[in-house]
Amino acid sequence: MPAVAERTHTRLTLQTLNIATDTTVIRCLDWDRDRFDIEFPLQNGTTYNSFLIQGEQVALIDTSHEKFKALYLQALHGLIDPSRIDYLIISHTEPDHSGLVKDLLELSPNVVVVGSKMAIQFLEDMVHRPFKRQLVKNGDRLDLGQGHVLEFVSAPNLHWPDTIFSYDHLSQVLFTCDAFGMHYCDDYTYDEDLELIETDFKIYYDCLMGPNARSVLSALKRMQTLGEISTIATGHGPLLRFNISPLTERYRQWSEEQVKAETTVALFYIPGYGYSEPIAQAIANGIGKTGVLVETMDLRTTDLSEVRELVDMASGLIIGMPPHDGEDGEITHATLSTILAATRHHHTVGLFESGGSDDESVYPLRNKFQDVGVTEVFPPILIKAPPTDAIFQLCAEAGTDLGQWLTRDRTVKQMKALDNDLDKALGRISAGLYILTARKGNAASAMLASWVSQASYEPLGLTVAVAKDRAIEAFLHVGDRFILNILEESNYQPLMRHFLKRFPPGADRFAQVKTYPGSNGSPILADALAYLECEVITRMECSDHWLVYSRVELGRVSKADALTAVHHRKVGNHY
Ligand code: FEO
């Protein structure tokens with residue numbers, strides 16, 4: 240348990256603890272953060288973990304989110320005079336870990352900032368002041384004295400392209416920042432209770448690491464060349480000490496499954512430019528729901544042969560627009576020319592604006608792609624203001640549409656694959672007809688459902704099976720609320736027809752439908768026979784579906800004697 244744990248009224252607290260020889264963790268506990276980028280609702284807050292190693296020389300690994308400035312700097316001062324810190328190691332430059340780099344440079348102007356070449360470039364743009372630096376590559380070492388020899392592991396795309404891990408050969412602690420982390424805030428420092436954290440561990444993998452499965456496998460391979468690992472010191476959530484082997488094995492297994500996907504989409508953008516990062520992530524998550532692998536690449540890459548290889552291998556291309564000019568603009572023009580030269584008519588392409596101050600227009604590039612004869616599954620996504628939930632929903636749905644387009648042949652093949660008799664027998668399972676509706680902020684979704692069943696008496700509970708590639712899946716995480724609208728036998732056709740339509744990304748599902756808000760904020764359909772207000776309690780992964788178990792909190796029936804619409808099927812290989 241923590242050495243220091245002070246809760247403040249703002250629910251930002253801090254924990255410092257010795258985790259190994261000469262090594263202290265400073266955990267910033269953000270109890271109430273409820274969202275991390277798009278499609279990443281947080282049930283249990285998050286933490287930002289920073290580490291201090293005091294050998295003969297002193298190294299600080301990552302800082303924290305700027306919202307922790309006062310608490311973090313106070314804790315750091317309690318541990319050491321910051322001007323005595325010799326090295327600041329930057330695992331990657333996303334602001335939740337580097338939000339206080341500027342402050343540290345003020346307190347310790349002579350500190351040597353250690354990071355990958357890309358991380359140092361990113362930092363120059365962030366801190367706008369000169370600083371000492373040391374660029375490191377995979378396998379490079381830094382001797383802090385007293386046996387603390389740090390070895391750096393290049394881990395690009397986990398989940399930014401500038402990422403490095405650091406391994407201390409004395410304490411055998413591997414500092415991985417985002418990788419192997421989870422958004423889970425608790426006073427417990429370690430992963431002793433696997434059951435408590437495994438859901439958040441998986442959601443985090445799916446959102447942040449899954450789209451870069453090949454990079455996860457490369458990093459795991461590099462980790463094998465290090466010595467024994469006593470602790471994986473993550474940048475978010477508990478540190479891994481008790482379940483290192485099962486949890487890293489899960490990363491391997493999930494990534495291998497992803498990589499086996501026959502279809503790949505290449506996603507090019509500039510991390511950190513405008514809103515490109517969360518937009519790209521939302522699109523990647525939407526694609527990921529369809530079982531298609533996403534490979535991301537920084538548009539500023541100078542390795543143009545890698546760009547060509549990726550385009551050759553990919554069935555789909557997504558591009559986040561770079562700035563029009565400046566240094567990044569010049570570099571990215573070469574990459575864009577290479578992408579265009581390697582594009583063929585069988586490619587499917589999607590474009591989005593990054594929402595930076597100087598975005599290159601999507602239209603000239605779109606025209607060039609159209610000249611090649613590519614398919615455009617969704618129109619360009621134009622970002623003119625800070626993205627809202629509705630924009631992120633649009634991005635995720637655009638990604639899913641693209642993934643479904645690329646896998647349409649596979650889906651038809653699977654539908655034909657069932658044994659005829661089995662198929663017909665399974666089709667004799669019948670169920671009711673329902674419309675599930677949900678709202679989060681200014682985003683809302685709905686789906687026609689029939690795989691619904693009461694599942695418990697106490698509490699009153701039900702299950703709904705939701706295909707993984709359904710847009711509404713993002714609204715059905717643990718703690719989310721929705722409404723199950725029950726359709727009436729004599730009056731279900733109009734609603735069923737409406738909600739069976741294929742909606743374009745971001746379309747309002749409720750236009751021209753009579754609704755009124757439920758007490759949980761989700762829409763109640765005025766023409767439904769009855770409705771139930773529900774809260775998601777748990778989800779079970781069932782191959783291509785999620786089985787969502789929910790507690791029923793409230794219910795009303797509009798016509799006491801009317802019957803529920805029933806869905807009789809002939810075959811079991813589709814709804
Ligand atoms: Fe936790 Fe990628 O920052």
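When the letters of the sequence shown are read in order and numbered with my numbering, they come out as residues 240 to 814. We treat Cβ as the ideally placed atom computed from N, Cα and C, and that holds for glycine.
- DSSP places G527 in the uninterrupted alpha helix (DSSP H) bounded by 515-527.
- The DSSP assignment places 388-393, 403-407, 412-416 as complete runs of the beta strand (DSSP E) inside the stretch 383-441, in order along the chain (cut-off: 3 residues).
- Close to the ligand FEO, as judged by a C-beta nearer than 5 Å to any of its heavy atoms, are the residues E333, D335, D417, in chain order.
- The C-alpha of L479 is placed about 6 Å away from the C-alpha of T470.
- A distance below 8 Å between beta-carbons, with the five flanking residues on each side excluded, links L543 to the following residues of its chain, in chain order: A573, T574, T577.
- For N724, the enclosing beta strand (DSSP E) covers residues 720-725.
- Taking C-beta atoms under 8 Å as the contact rule, L413 and M462 qualify, at a distance of about 7 Å.
- When the alpha-carbon of L579 is set against those of R605, L633, G568, the nearest one is in R605.
- Distance check between A765 and each of V791, I725, I776 places I725 closest, using alpha-carbon atoms only.
- Within the stretch 689-776, complete beta strand (DSSP E) segments of at least 3 residues are found at 691-695, 700-706, 720-725, 754-756, 762-764, given in chain order.
- With respect to P450, G555 sits apart: the two C-beta atoms are not nearer than 9 Å.
- Contact between the stretch 344-361 and the stretch 324-331 is present, with at least three C-beta pairs closer than 8 Å.
- Contact between I557 and G594 is absent: CB atoms are separated by about 15 Å, not below the 8 Å threshold.
- By the CB criterion at 9 Å, L312 and D342 fall inside the cutoff.
- Taking a contact to require three or more Cβ pairs closer than 8 Å, the stretch 502-510 and the stretch 368-384 do not qualify as touching.
- Beta-bridge analysis with DSSP links K679 to A682.
- The Cβ atoms of I622 and E592 lie closer than 9 Å to each other.
- For E534, DSSP records a beta bridge to A505.
- Between T262 and I292, the CB-CB gap stays under 9 Å.
- Around the C-beta of D537, 16 or more other C-beta atoms lie within 10 Å, and the residue is accordingly described as buried.
- Under the DSSP definition of a beta bridge, N288 partners with R266.
- Runs of the alpha helix (DSSP H) lying entirely within the stretch 601-640 and spanning at least 4 residues, in chain order: 601-611.
- From the listed residues Q751, Q732, E363, N288, the smallest Cα separation to T803 is found for Q732.
- In the structure shown, Q254 falls within a strand segment according to DSSP collapsed to helix, strand and coil.
- Close CB contacts of S684 within its chain, under the 6 Å cut and outside five residues either way in sequence, are with A677, A710, I711, F714 (chain order).
- For S593, the three-state secondary structure derived from DSSP is coil.
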